[in-house]
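These notes are about the structure you will find just below.
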């Protein structure tokens, strides 16, 4: 989507998302910019966003990725590229591949501009992707999903564990020091 006039923002139910809304594989739908149904339908014709599409930030913070799961009633600003994987590519595999150090380095080294670095769509199209069979992609995704889940469980579970240990410490400290 090209930049819309600011007069169209805050006037509807359909969010306009940008690179700021793509974080660690997730799409953050909180935004202050919305458009009405007519603007949404007009702009939506340019890019038919579908479940399974991979989003890639290409302006400012380059290289963040997410997969569209189910909610597709939003527009994207030009800072986010929509990649529609072919049948021979699993969206999760593509996302993980775009997240690799090698691909991230390619994107950073090919970014242009001084005030706000960006990638051209043809540069995104030139990213070489190692493409194993679908079965091998499934195996790779399964392994990486388990690691991702483990990391997320640790980062959400660790603070709770620390808090529980702190309470346990305080309980025993108070018991030991109450004469």
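Residue numbers (the numbering used here): 74 to 252.
Cβ atoms here follow ideal geometry from the backbone N, Cα and C, with glycine treated the same way.
A check of alpha carbon separations from residue 144 across 107, 123, 205 identifies 123 as the nearest. Cβ contact annotation for residue 172 (same chain, cutoff 7 Å, sequence separation greater than five): 138, in chain order. Between residue 108 and residue 189, the C-beta spacing is not below 8 Å. For the pair residue 120 and residue 149, the CB atoms are nearer than the 8 Å cut-off. By the Cβ neighbour-count rule, residue 244 is exposed, with fewer than 16 other Cβ atoms within 10 Å of its own. The continuous stretches of beta strand (DSSP E) do not include residue 198, which lies in the alpha helix (DSSP H) extending over residues 194-198. Each of 96, 103, 99, 95 was checked against the Cα of residue 88, and the nearest Cα belongs to 103. Annotated three-state conformation of residue 216 is helix, per DSSP. At a Cβ-Cβ threshold of 8 Å, residue 126 and residue 95 do not count as neighbours. Per DSSP, reduced to three states, the secondary structure at residue 99 is strand. In its chain, beyond the 5 residues on either side, 87 have a beta carbon closer than 7 Å to the beta carbon of residue 146. The three-state secondary structure of residue 92, taken from DSSP, is helix.
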